[in-house]
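The sequence shown runs 256 to 725 under our numbering. Okay, so here's the structure we're looking at.
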Amino acid sequence: MSSFILNKKWIWIIIAFVLVRIIVFSSFWEASADKGGWNNFYAWSQPAQAALMQKFHEPCDWRPPLYYTFTSTALFLFKSQLSIYLFQLLLSFASLIIGYKIIRLFFSEKIAFWATLIWAIEPFWAWQNFQLASENLYMPIFLAAMFFLFNFFKQGTIRHIALASFFFGLAALTRPTALLMPAFISIVLIALFILRNKIKTDDAFFKKSVKEVVILLLIFNALFLAVLAPWVIRNKIIYDRFSFVNLSAINVYYYNLPPLIAFQKNISYQEASDIIVAKAEKDLGPSHIAAKNWDCSLFTNEEFNKHLDYYSSESNKYILRNLKDYLPLHLVKMAPFFADSGYFDMYSAYTGEYSKPDVTAAFLKRDFKEIKKIFTDLDFKKMIYIFGIFFWFIVFASLVAAVFYSFFKDKSKFLFFAFSLLLAFYTSFLTSPFNFARYRLPLYLFFFAAFIYVIEKLISMRKDDRDIVL
């Protein structure tokens with residue numbers, strides 16, 4: 256009977272998953288007809304263009320190769336961009352299944368069902384399934400890694416930690432966000448092991464000796480590096496540079512410096528961006544790689560590496576000299592990771608009207624009148640924006656509440672919630688000051704599991720209060 260009920264509930268999840276995507280696909284197909292067509296919402300984006308080149312990696316390898324290998328394979332086999340979207344839908348549904356299994360490691364079937372159902376119908380994720388964005392491949396790989404990691408906690412086997420390491424390696428080869436994740440997780444595990452007497456759970460990991468923990472973590476990190484090694488060696492051969500992704504050398508210069516300079520000089524982001532572009536042109540000459548549309552084939556390896564070293568050193572020096580300004584900027588710019596719903600982005604793509612409010616920029620400038628104006632001078636698009644902020648603020652607050660509640664009242668769930676919150680802060684810190692709603696997608700299951708968990712606890716407490724009164 257329980258198997259039948261479970262299958263019946265999954266039918267509802269499947270129906271909801273498919274229905275939401277039909278609505279999103281059909282509505283945006285119609286809406287985008289006069290705005291460049293459905294084929295590629297991200298036509299301006301270099302990664303999206305590279306995904307359609309069928310080269311199995313990005314030209315100049317600014318980003319890791321796995322997503323481009325995925326899209327190129329789909330195009331090679333089926334000769335249609337629509338095949339990419341179809342496979343992304345299948346990968347998304349695979350994410351739901353893996354996520355459900357993760358939740359069931361810690362929670363009841365009821366919580367797992369409702370968390371998975373909300374996740375399945377969340378519209379921004381449905382929209383992203385039809386984007387040429389690496390999160391579509393990254394999500395199931397990352398969740399597989401977390402599934403084996405949580406199983407390692409519970410069972411303590413080398414097989415689970417090895418599989419977790421392997422999938423974290425694949426995740427890093429899809430999105431560089433995962434590159435530091437095994438090191439971060441290792442630090443968290445060491446801290447949890449030290450505090451094991453306060454956590455007091457029956458998980459097998461906490462019953463191991465110090466020597467066993469050290470050996471297992473060394474294996475975890477060594478296998479992760481072994482997965483990445485062929486790609487790094489290949490980059491050394493091609494570019495004469497030991498690098499995982501070439502983007503890491505330029506990202507801080509072109510993405511972190513402009514908001515810092517804009518904040519310091521009280522100028523627009525575009526004006527700040529113009530300043531650093533002019534500086535690069537002055538120091539490297541008018542033919543620097545950014546001016547050549549990032550085409551490394553126009554440069555020798557020596558010239559290419561000279562430019563990458565310049566961007567890296569100049570950005571690091573400027574930020575370190577201005578750390579007192581940069582640190583608060585970086586921390587405040589983490590906020591959109593937790594509160595930006597992405598619904599305004601959907602509205603913009605649907606209408607072609609882009610004028611998204613920037614609460615964090617106004618906050619950094621202490622322009623509280625502008626913040627008040629954003630939340631009071633309402634129109635339809637701002638209502639969408641504010642609804643998204645409040646919804647995700649409540650979801651995030653649920654996760655924080657679940658961490659504290661589980662530590663004091665429900666120890667068996669604490670490990671799940673603690674890791675969920677720490678991974679959220681890890682990702683938001685790593686991607687700041689440019690945090691987009693899609694960066695949060697791989698963590699949806701953790702947020703929604705906490706949301707449903709807190710709702711269930713509140714309902715249970717209210718029911719207990721009524722019973723006491725009666």
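Glycine included, C-beta positions come from ideal geometry on N, C-alpha and C. All values reported here derive from a predicted model rather than from experimental measurement.
Between the alpha carbons of A481 and L619 lies a gap of roughly 42 Å. Fully enclosed beta strand (DSSP E) runs of no fewer than 3 residues are not present anywhere in the segment 451-537. Annotated three-state conformation of M308 is coil, per DSSP. Relative to L584, the option among P514, K365 and F422 whose CA is nearest is P514.
Under the 8 Å Cβ criterion, the segment 696-705 counts as touching the segment 650-670, having at least three qualifying pairs. Note on geometry: alpha-carbon atoms of V487 and L387 lie some 25 Å from one another. In the DSSP annotation of this structure, R695 is not part of any alpha helix (DSSP H), being labelled neither H nor E. Scanning its chain for C-beta atoms nearer than 6 Å, with the 5 sequence neighbours on each side dropped, one finds around S498 the residues N490, in chain order. Two segments are said to touch when three or more pairs of C-beta atoms, one from each, lie closer than 8 Å; by this definition the segment 454-471 does not touch the segment 513-530.
Exposed is the label assigned to M638, since fewer than 16 other Cβ atoms lie within 10 Å of its Cβ. Fewer than three pairs of CB atoms, one per stretch, sit closer than 8 Å, so the segment 608-616 makes no contact with the segment 654-673. About 12 Å separates the CB atoms of R693 and E377; that is not less than 8 Å, and the two are not in contact.
A residue is called buried once 16 or more other Cβ atoms fall within 10 Å of its Cβ, and I470, having fewer, is exposed.
Counting C-beta atoms within 10 angstroms of its own C-beta, R318 has 16 or more neighbours from the protein chains shown and is therefore classed as buried. Uninterrupted alpha helix (DSSP H) stretches at least 4 residues long and entirely within the segment 642-692 occur at 666-686, given in chain order. For I278, the closest alpha carbon among the candidates F439, W380 and H562 is that of W380.
Under the DSSP assignment, K365 falls in the alpha helix (DSSP H) whose first and last residues are E364 to I376.
Considering only I270, K310, Y340 and S327, the residue with the shortest C-alpha distance to F280 is Y340. Counting along the chain, S603 sits inside the alpha helix (DSSP H) bounded by residues Y598 to T606. Using a C-beta cut-off of 8 Å, the segment 400-408 makes contact with the segment 419-426, since at least three inter-stretch Cβ pairs fall below that distance. Across the set A329, F368 and L307, the C-alpha of F368 shows the shortest separation from the C-alpha of E711. Boundaries of the alpha helix (DSSP H) harbouring D564: N556 to R576, taken from the DSSP string. Non-local beta-carbon contacts of P437 in its own chain, meaning distances under 7 Å to residues more than five positions away in sequence, involve S420, F423, F475, N476 and F479 in chain order. The straight-line gap separating the alpha-carbon atoms of I644 and L392 is approximately 26 Å.
The beta carbon of D595 is closer than 6 Å to those of A692 in its chain, skipping five residues each way along the sequence. With respect to the 8 Å criterion, F283 and A604 are classified as neighbours on the basis of their beta carbons.
P395 places its beta carbon 8 Å or farther from that of S338. Between A527 and S567, the C-beta gap is not smaller than 8 Å, which leaves the two residues out of contact.
Within 10 angstroms of the beta-carbon of P541 lie fewer than 16 other beta-carbons, which makes it exposed. L428 is positioned such that its CB atom lies no closer than 8 Å to that of P314.
For T326, the enclosing alpha helix (DSSP H) has its first and last residue at L321 to F333. Residue environment: W267 is assigned as exposed (fewer than 16 neighbouring CB atoms within 10 Å of its CB, all protein chains considered). For F689, the CB contacts under 7 Å within the same chain, skipping 5 residues up- and downstream, are Y510 in chain order. Judged by DSSP secondary structure, M589 falls outside any alpha helix (DSSP H); it is assigned neither H nor E.
When the five nearest sequence neighbours on each side are left out, the beta carbons in the same chain lying within less than 8 Å of the beta carbon of I366 are those of I358, A704, I707, Y708 and E711, in order along the chain.
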